[in-house]
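**Q** For the sequence shown, my numbering begins at 1 and goes up steadily by one.
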Amino acid sequence: MGESTSTQLDQRLDRRRRILDTAISLATDGGYDAVQMRAVAERSEVALGTLYRYFPSKVHLLVAAMQREFERAEARVRAAPVPGGTPADRVLHLLRTLSRDLQDDPHLTEALTRAFVSADASVADDIATVERLLTSMLTHAAHDAAPSPDQTTTARVVADVWLAALMGWVTGRTGAAEADARLEKAVRLLLPGPA
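1) How far does the alpha helix (DSSP H) with residue 170 in it reach, from first residue to last?
2) Any chance the region 32-49 sits against the region 67-84, with 3 or more Cβ pairs inside 8 Å?
3) Return the CA-CA distance between residue 53 and residue 15, expressed in angstroms with no decimal places.
4) Between residue 88 and residue 20, which are expected to be in contact by the criterion C-beta below 8 Å, what is the C-beta distance as a whole number of angstroms?
5) So the candidates are 76, 74, 78 and 108; which of them puts its Cα closest to the Cα of residue 61?
6) Where does residue 35 fall in DSSP's three states?
7) Nearest by alpha-carbon distance to residue 113: which of 32, 6 and 140 is it?
8) So, helix, strand or coil for residue 191, using DSSP?
9) Output needed for residue 167: all residues of its chain with C-beta closer than 7 Å, excluding positions within five of it in sequence on either side, in chain order.
10) Could you tell me which uninterrupted beta strand (DSSP E) segments, each at least 3 residues in length, are contained entirely in the region 67-103, listed from first to last along the chain?
11) Assuming residue 35 contacts residue 159 (C-beta within less than 8 Å), just tell me the rounded distance between them.
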């Protein structure tokens, strides 16, 4: 029975991976509007009902995809020290790297960001996980030791500023250079001083 349960779990995880890979592929090709649940099901080789059991809506699906992308980013951040002489320098390096990666894939970024900002309470747990991952990356970049509650709060505020800058870029309200300048100003105000 244990082996059968393990096989079923492996199958579910593989199915979930295929679904997320497909959603990311569709979003990369055409943004938010290109991610249609029927197309995701067909390309993932799962029944439409199965897809909806995993992800009740496109927003759920894309927020889960964002969560997986942030999990991968956090693993990379934890694998090596973040360069920079001060907490602000390290946080800026991290956020610029994340921003550059996202700006290199504008359709995917638009899809993930649009889902994130339009998510309702039914997606609250996944949104909270994405926020925790981003906060964790920021506190890891800024501080050598476990962060204090104030440092965690500061990281959350920096994350909010970064997400607002990203949203401005995605919607075309600000260019990449302006978003970066605003981000740098905020980070230097919130994380002053030496390491």
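For each residue, glycine too, the CB sits at the ideal point set by N, CA and C.
Being a predicted model, the structure only gives us computed values, none of them experimental.
**A** The short version:
1) Counting along the chain, the alpha helix (DSSP H) containing residue 170 begins and ends at 149-171.
2) The region 32-49 vs the region 67-84: no contact.
3) If you take the alpha carbons of residue 53 and residue 15, they lie about 12 Å apart.
4) No, residue 88 and residue 20 are not in contact; Cβ-Cβ is about 34 Å, not under 8 Å.
5) Residue 108 is the option with its Cα nearest to residue 61.
6) It is coil, neither helix nor strand.
7) Answer by Cα proximity: 32.
8) If DSSP states are grouped into helix, strand and coil, residue 191 belongs with coil.
9) Hits under 7 Å: 113 and 117.
10) Here no run is fully enclosed.
11) Between residue 35 and residue 159 a beta carbon distance of about 24 Å is seen, past the 8 Å cut, so the two are scored as non-contacting.
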